[in-house]
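Residue numbers (the numbering used here), protein chains in the order written: chain A, 1 to 257; chain B, 1 to 315.
Quick reminder that beta carbons are idealized off the backbone N, C-alpha and C, glycines included.
Read the structure below first, then the notes.
So this is what it looks like as structure tokens:
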């Protein structure tokens with residue numbers, strides 16, 4: 001059996017418009033929150049591993065304010081067994097976030113495979129999974145597109161440059177950071193959703209862990225909207241003439257050829 | 001003067017193109033710049049490394065990329081050479097290596113930077129898939145930054161000053177994360193995240209086989225071939241081709257979107273392209289609001305014409 005963990009993050013929906021509120025935070029008023037898409041691959045792979053190895057459990061861990069209960073309930077509805085909410089209304093930097101997650105996982109002396117998304121689509125930090133692994137002194141593979149578990153050894157494939165694939169071997173425990181292509185996440189069944197509503201979410205505070213924003217080494221100075229591109233133009237005329245004109249503009253005006 | 005370190009990424013012994021962007025950024029800073037290379041001989045690279053203070057050559061019997069060993073070696077270099085800021089490319093290897101290095105060197109990392117102020121230890125990076133920009137500052141300890149390819153302008157080297165060559169030893173300790181093999185793609189595809197030109201197809205491609213016309217166009221332009229999420233989800237293209245919020249973020253000089261409507265989730269993955277061209281049958285497609293140039297028409301007519309026209313002017 002394997003004690004499987006999956007660390008997830010709640011983020012704004014991919015279609016959401018993101019507006020800056022006061023230079024350092026975003027306006028959350030009209031935002032629909034979802035589980036970060038790469039974390040859904042992580043949940044799915046965790047559940048697949050649990051199904052393969054009898055007696056295994058999946059614990060979902062999420063750090064954030066009260067609203068992240070919905071993300072944890074999504075993981076429970078998909079099939080996770082337990083949920084842990086690290087209550088956090090502060091903006092922790094990457095290292096402190098990794099410390100907080102490590103604290104929760106380390107409490108289980110027999111933790112096995114930890115799944116995460118390769119990045120969360122809000123701060124796009126691309127490092128939490130490796131920082132967590134280093135804090136726990138275990139192996140980590142990022143951008144994983146194929147996962148196999150056998151005799152306490154994890155074998156993964158990850159995409160690197162030019163579509164090349166790197167094969168990696170790690171002993172358990174280890175961290176696996178999921179990329180698109182790893183699997184197709186399941187939908188929660190109606191029964192799963194009903195069951196998840198009644199399941200307990202264990203809470204732990206940052207105070208109990210002994211971490212606060214004051215220990216941050218990276219500070220967010222400013223959030224801003226990027227400059228908008230001026231609207232371009234549609235080249236009129238029939239196909240051949242328009243193509244001829246387009247290629248001329250690309251050479252002479254845009255100078256990109 | 002601060003000590004700035006650069007990780008020079010070699011690929012099959014060749015200096016990756018984006019290293020020149022890092023070098024331009026570092027030379028401009030006016031700080032003491034130290035470039036780290038893992039290689040048996042630095043001679044072939046010295047021409048490119050003019051105008052910096054030190055080349056730190058990492059030597060060892062086995063210099064193949066293993067993340068744990070590279071991270072420990074670089075952590076020792078940062079300590080021994082008292083580097084306060086250390087930068088690299090936000091490449092597949094950079095994404096794997098720099099977080100490990102941050103942990104081992106007890107440093108703080110900001111990834112995927114569009115601009116870096118080496119002196120103030122500040123950087124601007126896209127967040128929310130580029131819907132916003134965030135400026136971060138590393139306030140304490142060593143600062144690590146990875147820089148997005150194709151963003152920083154490469155400037156011609158005007159100095160003839162040759163750097164001093166120093167050595168460091170390759171770590172040979174245990175491997176927790178062990179790379180067993182690297183399998184190259186059979187098709188030798190152009191890497192989208194560093195491509196100068198990308199031709200991309202959307203749902204209107206209608207079938208997997210039809211991507212052949214994009215590949216023919218790409219061949220003429222020496223371009224990479226990308227796809228929208230709709231095309232990937234429909235099975236027309238593989239997921240490694242996907243450009244967008246849940247795919248790759250690309251930054252070419254020229255991005256040609258064929259039969260792509262222009263949903264925000266795709267747009268955020270390619271919006272920093274210098275020039276965006278849209279080909280779409282639907283004059284109301286949102287992509288036309290975001291493209292620099294557009295042609296309203298059937299891509300199955302336009303793409304072959306484009307191929308012939310590019311062939312004519314590029315030959």
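The beta carbon of residue 196/B sits closer than 7 Å to those of 252, 253, all from its chain and outside the five residues before and after it, given in chain order.
DSSP places residue 73/B in the helix class (H, G or I) of the three-state scheme. Apart from the 5 residues on each side of it in sequence, residue 114/B sits with its Cβ closer than 7 Å to the Cβ of 124, 125, 126, 148, 151 in its chain, given in chain order. Among the bridge pairs identified by DSSP, residue 14/B is matched with 11/B.
In this structure, residue 9/B sits away from residue 64/B, with a CB-CB distance that is not shorter than 8 Å.
For residue 115/B, DSSP records a beta bridge to 124/B.
Within chain B, the C-beta atoms nearer than 9 Å to that of residue 167/A come from 179, 180, 181, 182, 183, in chain order. If you ignore the 5 residues before and after residue 82/A, its C-beta comes within less than 6 Å of the C-beta of 59, all in its own chain and listed in chain order. For residue 301/B, the enclosing alpha helix (DSSP H) starts and ends at 299-314. In this structure, DSSP gives residue 161/B a state outside helix and strand, which the three-state scheme calls coil.
With contacts defined as CB atoms closer than 8 Å, residue 138/B and residue 77/B fail to qualify as a contacting pair. Relative to the Cα of residue 72/B, the nearest Cα in the group 50/B, 34/B, 107/B, 43/B belongs to 107/B. From the listed residues 103/B, 190/B, 87/B, the smallest Cα separation to residue 111/B is found for 87/B. In the structure shown, residue 215/A adopts helical secondary structure according to DSSP, grouped into three states. In the three-state reduction of the DSSP assignment, residue 129/B falls in the helix class, which pools H, G and I. Leaving aside the five residues that flank residue 88/A on each side, the residues in its chain whose CB is nearer than 8 Å to its CB run, in chain order, 63, 64, 65, 100, 206. If you draw a straight line from the Cα of residue 169/A to the Cα of residue 179/A, it comes to about 17 Å. Closer than 8 Å at the C-beta level to chain A, one finds these residues of the region 111-133 of chain B: 111, 112, 122, 125, 126, 127, 128, 129, 130, 131, 132, 133. The alpha-carbon of residue 161/A is positioned some 12 Å away from that of residue 96/B. Contact between the region 5-23 of chain B and the region 243-252 of chain A is absent: fewer than three C-beta pairs spanning the two stretches fall below 8 Å. Setting aside the 5 residues that flank it on each side, residue 54/B is surrounded in the same chain by 32, 33, 34, 35, 81, 163, 164, 165, 166, each with a C-beta closer than 8 Å to its C-beta; the list follows chain order. Contact between the region 205-221 of chain A and the region 270-287 of chain B is absent: fewer than 3 CB-CB pairs across the two stretches fall below 8 Å.
Look at the region 93-109 of chain B: the residues with a C-beta under 8 Å from a C-beta of chain A are 93, 95, 96, 98, 99, 100, 102, 103, 104, 108, 109.
Under a criterion of Cβ atoms nearer than 9 Å, no residue of chain A is adjacent to residue 49/B; the nearest Cβ is some 22 Å distant. Taking residue 209/A as reference, the option from 139/A, 144/A, 26/A, 96/A with the minimal CA-CA separation is 96/A. With contact defined as three or more Cβ pairs closer than 8 Å, the region 223-241 of chain A and the region 300-310 of chain B are in contact.
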